[in-house]
Structure formats: structure tokens, C-alpha cells
Amino acid sequence: MTKNSQRTKSRKPSKPADCVRDLPETGLVRQSQLIPGVLPFSHTTLWRMVKRHAFPAPVKLSPRMSAWRVEEVRAYLADPAGYRKAHEIATVHAETPEQEAGNVVSIHGDVA
Numbered sequence: 074m075t076k077n078s079q080r081t082k083s084r085k086p087s088k089p090a091d092c093v094r095d096l097p098e099t100g101l102v103r104q105s106q107l108i109p110g111v112l113p114f115s116h117t118t119l120w121r122m123v124k125r126h127a128f129p130a131p132v133k134l135s136p137r138m139s140a141w142r143v144e145e146v147r148a149y150l151a152d153p154a155g156y157r158k159a160h161e162i163a164t165v166h167a168e169t170p171e172q173e174a175g176n177v178v179s180i181h182g183d184v185a
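First residue of the sequence shown: 74, per the numbering used here; consecutive thereafter.
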């Protein structure tokens with residue numbers, strides 16, 4: 074083993090706080106930039122959280138490429154529990170355009 078390979082193997086991963094500081098102020102970040110440095114969970118957990126609306130949804134850049142808005146990732150990291158609660162409240166109070174207009178039709182065809 075050379076000295077360089079020994080340094081590489083003994084090097085500890087950066088602390089999450091250091092990785093958060095390394096994120097750009099604005100823009101988009103890919104999954105490989107978030108895991109494992111910034112987010113303390115696996116890619117599978119990340120996608121489960123996105124599906125449950127417990128983590129910001131990514132932006133589709135192409136059919137096979139997604140990225141996250143840095144501002145939304147920072148908001149999540151600042152207060153993960155608060156992010157989830159705020160999203161749950163927004164989801165519960167969201168109305169469809171039909172509901173807002175009062176044109177909701179029941180399953181029996183009557184206007185509700």
C-alpha cells in the first residue's frame with residue numbers, strides 16, 4: 074500500500090453540517106450530492122419519504138433524471154419535523170378547483 078491509499082482508506086466522511094455548507098445557495102442538486110453526505114439515510118428511504126410527502130419532491134429534468142431544489146432541501150434540513158407538519162396541513166386544506174367553485178358532484182350524481 075502506498076501512503077496515498079492509506080490516507081484515502083482512513084479518511085472519515087465529512088460531517089453532515091460540513092456537507093450542508095458545501096451545498097450551493099440556489100439551484101438544483103442530484104441524489105448523489107445528497108446521499109450519503111447531506112442526508113443520513115439511504116436512497117430507498119429518500120424515495121419513500123418523497124412518496125409520503127415527508128421530504129421535498131424532486132424536479133424531473135428528463136424521464137430518467139431528477140434533482141431537488143436546494144432551497145427546499147435546506148428548509149427540510151432546518152426543521153425536518155416542521156417540514157412534515159407544514160406539508161400535512163397544506164395537504165389537508167388543499168381543495169380542488171371543483172371544490173373551490175362549489176361544483177362537487179357526489180358519487181350519485183348530485184351536486185354536493
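Cβ coordinates follow ideal geometry from the N, Cα and C atoms, glycine included.
| Item | Value |
| --- | --- |
| Residue range of the beta strand (DSSP E) that includes Leu-119 | Note, Leu-119: premise wrong, no beta strand (DSSP E); alpha helix (DSSP H) at 116-124. |
| Counterpart residues of Arg-142 in DSSP-defined beta bridges | Leu-101 |
| Contact check, Leu-101 vs Val-132, beta carbons under 8 angstroms | yes |
| Local Cβ density within 10 Å of Leu-134, reported as buried at 16 or more and exposed below that | exposed |
| CA nearest to the CA of Ser-139, picked from Pro-113, Val-93, Val-111 and Trp-120 | Trp-120 |
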